[in-house]
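Just so you know, full-length UniProt numbering puts 248 at position 248 of the sequence shown, and the rest follows in order with no gaps.
Glycine is no exception: its CB is placed at the ideal position from the N, C-alpha and C atoms.
Contents: one structure, followed by commentary.
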Amino acid sequence: MAAAEKIKALLQSYGDEDDNRFYTTAMQIAAAEAKQGHTKLAEELKHLIDKIKTKRKVDSVSKTRILPVNEAQRELKDLLEVFRPHIKTKDMVLTKEVSEAIKRILSEQRKFDQLLQHNLQPRRKLMLVGPPGCGKTMTAKALAGDLEIPLFIIRLDGLISRYMGESIAKLKLIFDSMYQHRAVYLFDEFDSIGSNRSYGNDVGEIKRVLNSFLMNIEKDESNSLLIAATNIPEALDKALFRRFDDIIQYPLPSDKEIAELIKVQLKGYSLTKGKTINALAKEAVGLSFADISNACKDAIKEMIVNNSDKVSSATLHKFIQNKKTQF
1 MAAAEKIKAL LQSYGDEDDN RFYTTAMQIA AAEAKQGHTK LAEELKHLID
51 KIKTKRKVDS VSKTRILPVN EAQRELKDLL EVFRPHIKTK DMVLTKEVSE
101 AIKRILSEQR KFDQLLQHNL QPRRKLMLVG PPGCGKTMTA KALAGDLEIP
151 LFIIRLDGLI SRYMGESIAK LKLIFDSMYQ HRAVYLFDEF DSIGSNRSYG
201 NDVGEIKRVL NSFLMNIEKD ESNSLLIAAT NIPEALDKAL FRRFDDIIQY
251 PLPSDKEIAE LIKVQLKGYS LTKGKTINAL AKEAVGLSFA DISNACKDAI
301 KEMIVNNSDK VSSATLHKFI QNKKTQF
């Protein structure tokens, strides 16, 4: 190809936004210069091409379109529930270990472009493990809120089909969406599809879905966050764990964390004399964050119903005990 033709092809590929043809033509020009003995110019051109490639990759991450809620519902209405959370991680009461893990994830996400320039990926494939009501789903909401992106909760009842191959096609649609629309994608109760493949009672279609999930998550290089949450990690297939960047354990709260949660829940209300918050917190050890939050809300509702001006510590004690006797 003559030099003039190469220049025209270069400009045409730029106008067509055809990156592959643009890079190929540019490399041909560099190779032609090298053949003519212009080695310094050829090396400069190659260096410039590599620099442009890196920048375009970073820009494509930064400009990924955020999916409008109505579009998500049209394209994936049977697979995703779409939320725009307003909660932030600062609104949550978390253990020190969980809080540090979440801060690290957010810090890396906010430095996404800089990490890519060093060929590094931020943490974004997360497994959250712990008893019900300990903050796994709320963490997914808070990450979406902090990053100002949507939360997509995968509907597993819509994912699993009785027709062979249909579930795998649906799963691929979800992973394709991760590339097209930056969001937090939450697979809640993940053990329903991630169960150990050696279990004899497993359904064939679910095994195929798990195999497909393993392949898709291995290949996934999108800029969305993928979160799998489970209450029973011992039931999960062992091959899953190495596919995640972080596995975060959510234990039941300590009395110190319970006391902090009660203070947050009763913010703006006064507590009657009687049992102190610290004493109530010690009584509530063994309950989840959700149980304690609900006990506080029940005590506030009773205050309103009884036209009281303070939350009764005796009433809160009663609701805490009620929660404990439910198990």
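Close Cβ partners of residue i (< 6 Å) along its chain, the five nearest in sequence each way excluded
i      : result
Lys282 : Asp255
Ala34  : Ala42
Tyr179 : Ser222
Leu45  : Ala30
Ala299 : Val311, Thr315, Leu316, Phe319
Ile160 : Ser167
Pro122 : Glu108, Gln109, Phe112, Leu115
Assigned exposure category for residue i - 16 Cβ within 10 Å defines buried
i      : result
Asn223 : buried
Thr325 : exposed
Ser270 : exposed
Gly135 : buried
Lys170 : buried
Leu120 : exposed
Arg124 : buried
Arg182 : buried
Val305 : exposed
Phe241 : exposed
Ala295 : buried
Ala4   : exposed
Ser308 : exposed
Ile232 : exposed
Ser177 : buried
Leu126 : buried
Close beta carbons around residue i, own chain, < 7 Å, minus the five adjacent residues each side
i      : result
Gln249 : Val129, Gly130
Lys8   : none
Gly133 : Ser288, Phe289, Ala290, Asp291
Run of the beta strand (DSSP E) containing residue i, from where it starts to where it stops
i      : result
Tyr250 : No beta strand (DSSP E) contains Tyr250, which DSSP labels as neither H nor E.
Lys125 : 125–129
Thr230 : 225–230
Phe241 : Note, Phe241: premise wrong, no beta strand (DSSP E); not H, not E.
Phe151 : According to the sequence provided, residue 151 is Leu. The question's Phe does not apply to it. It spans 151–154 - the beta strand (DSSP E) in which Leu151 sits, taken as one unbroken run.
For residue i, the three-state DSSP class (helix, strand or coil)
i      : result
Val69  : Bear in mind that a pLDDT of 48 at Val69, under 50, signals an unreliable position, so the model cannot answer this.
Val209 : helix
Glu81  : strand
Leu94  : coil
Ile160 : coil
Leu11  : helix
Phe190 : coil
Leu120 : coil
Ile87  : coil
Boundaries (first-last residue) of the alpha helix (DSSP H) holding residue i
i      : result
Lys267 : Taken as a continuous stretch (DSSP letters only), Lys267 belongs to no alpha helix (DSSP H), as it is neither H nor E.
Leu280 : 277–283
Thr139 : 136–147
Val184 : Note, Val184: premise wrong, no alpha helix (DSSP H); beta strand (DSSP E) at 184–187.
Ile300 : 289–305
Phe319 : 313–325
Leu171 : 166–180
Own chain, CB closer than 8 Å to residue i, minus 5 neighbours either side, in chain order
i      : result
Ile168 : Arg208, Val209, Ser212
Lys310 : Tyr269, Ser270, Leu271, Thr272, Met303
Asn278 : Asp255, Ala259
Arg155 : Asp78, Leu79, Leu80, Glu81
Ser293 : Leu261, Gln265
Pro85  : Lys141, Ala142, Ala144, Gly145, Leu151
Residue i Cβ short of 8 Å to the ligand HEM heavy atom set
i      : result
Lys324 : With respect to small molecules bound, the structure shown includes none, and the ligand HEM cannot be examined in it.
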